[in-house]
Amino acid sequence: MASVPVWVWLPARDAPVHAADLEVEATVRFRYRPDYLVREDALPLDPVELRRVRSARGIVIRAADGLPGVIRDAKPAGYGADRLIAQAGVDLGPLELLERGVPDGVGAIEVCVDIERKLGWLPKSLDELKPLAEALDAAAPASRALRKLNEDLDTSAGGERPKVTIVHDGRLWLAKMQDRGDRPALPAREYVAMTLARTAGIDAAQVLLHSFGAHQVLLVERFDRAGNPYRPERRLYASAHTALRLPLDAVRGDPRRSYLHLADQLRVWARGRGDLRDQMCQLWRRMAFNALVGNVDDHPLNHGFLHDGNGNQGWHLSPAFDITPVMTAVAQPLAEGPVLSMATSVDGSARASIQRLIAVTNHFGVDVEGASQWLYATAKLIAGNWEPMLRKAASPIVEDASRMDALVADARAAFAYSEWVVENHATGFPLRAL
């Protein structure tokens, strides 16, 4: 039987404790250690799937990959997994990826035998990234600078696009740059959408945009890290994919991938919190905002729950992240809104029209009148500001006027629904449920 330690950073701690073990035989079992369970500050790593149980049998893990959801969230995936596999020269299983990955994955969990190797890893700085980006030709994908900084392997962050955790201004940030095949000036587009989200009252991660020569880097603050960036405190995190208990093969169109179901899970995970009503309103606003900026890549790995250290009532909706206006064609018919990656209504449809958004406010405990006012005000904010903001954000790398006009034209489809809402509200279009 193989047994692999599960380490966790408890609240306000900058070093992990050995909390549990993954035991792999014909079945996989997750077993909390007795010395962990008696700690006064011990927390379940997942209050639903991994509740604190003292049974000697542990908790049977039935997922196809043998991993509990919160551990899968911490595993190198996408770009990070590809780099580790390329370096190894052979395919790597889930436990091998967890062992080999560096400790910059999301959340407060590491699963490995050699925890000292993980603790010895240090992130690079923005100052180290800058000359690598400046040295690149204008036509080269900026992501090459990230690969050079990483020595081609140093990240456990998920997602398909290259990224790396770096230190800047005494804090940890996720650095993202333009990759081959991306829409033009994608870092600037994401910066605009994230900035608009914060202006609209959405609790979104802080973002910064830096230009180095002909390239830009978007910095997204690591909200799951705090304190000394070289020995950080870490915060537990669970993706919406984990909270929804989705199978590995759940794809776009699966009705279980649903904002309404996620709201139900938020009630479970955040039970007892005094701000639960505000949390539910935040989730509804994020669904609506994604429609208004054409973020149709709002899949369950781009939402999550974060633990704030407040014991059994510490789970809450994480700050919003990865809000990117990626829609490339205007929704048809435009009045019905874009099709998101998660269902927006009880019939399982992912269409996000104004009527559908207002129709589900009751499920989120949101006041209809207030929701209508927020929708119009936010659509007006977006419609009136996205273009000048994008022109300003991209101007350091797009100096030619015709290229800038082409960039704006390429981005317009993502913001078309906000413009339509403003135009039709002005002519008496009702922002209320049918």
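Going by UniProt numbering, the sequence shown opens with residue 1, and the numbers climb by one from there.
Virtual Cβ for every residue (Gly too), placed ideally from N, Cα, C.
Which residues does DSSP pair with residue i in a beta bridge?
i	result
F415	Bridge partners of F415: none, in fact.
H215	F212
W5	Here the sequence assigns Pro to residue 5, which means Trp is not the residue at that position. Answer is D21.
W173	I166 and E221
H316	L306
A226	E233
A204	A320
R356	DSSP output for R356 lists no bridge partner at all.
S402	According to DSSP, which records beta bridges pairwise, S402 is partnered with nothing at all.
R351	V339
Anyone know if the C-beta pair for residue i and residue j falls short of 7 Å?
i	j	result
A197	F321	no
residue 435	Q178	Because the chain in this structure spans residues 1 to 434, residue 435 falls outside the shown range and cannot be described.
A240	L260	no
P300	F223	no
A74	G107	yes
E190	T324	yes
G69	R29	no
L136	L149	no
G294	P338	yes
A350	L357	no
L407	V192	no
A138	A214	yes
P94	D114	no
A243	V217	no
A393	L209	yes
V422	A379	yes
L381	A200	yes
S258	A343	yes
V6	V111	yes
L132	H168	no
Candidates the options: which alpha carbon is nearest residue i's?
i	options	result
T361	R403, Q313, W9 and D278	D278
N228	E40, P123 and G311	P123
A270	H241, L306, G107 and V167	L306
residue 437	D298, G314, A331 and W284	In the structure as shown, the chain begins at 1 and stops at 434. Residue 437 is therefore absent and cannot be evaluated.
V314	L236, P333, I382 and L246	According to the sequence provided, residue 314 is Gly. The question's Val does not apply to it. Cα-wise, what sits closest to G314 is L236.
G365	Q282, T27 and D405	Q282
E49	K75, A63, L37 and G170	A63
A26	I61, I85, P44 and R54	I61
Y417	M342, A175 and P333	P333
A413	E419, T328, I202 and R256	T328
P184	V24, E23, V326 and L375	V326
Y32	E419, T195, E99 and R54	R54
What residue range does the alpha helix (DSSP H) around residue i cover?
i	result
T199	L186 to T199
Y376	V368 to A394
R286	L276 to L292
N295	Neither: N295 is in no alpha helix (DSSP H) and is coded neither H nor E.
V268	Y259 to W269
D100	The residue asked about is misnamed: residue 100 is Arg in this sequence, not Asp. Start and end: P94 to R100.
T361	T361 to F364
Please confirm whether any heavy atom of the ligand ADP lies closer than 6 Å to the CB of residue i.
i	result
V102	Absence of the ligand ADP from the depicted structure is noted, as is the absence of any ligand whatsoever, leaving it without description.
### In chain order, each beta strand (DSSP E) run of at least 3 residues that lies wholly inside the region 7-85
17-24, 28-32 and 59-61
### alpha helix (DSSP H) runs wholly inside the region 108-168, at least 4 long, in chain order
115-119, 126-134 and 143-150
### Query
Which runs of the alpha helix (DSSP H), 4 residues or longer, sit entirely within the region 228-256?
240-243
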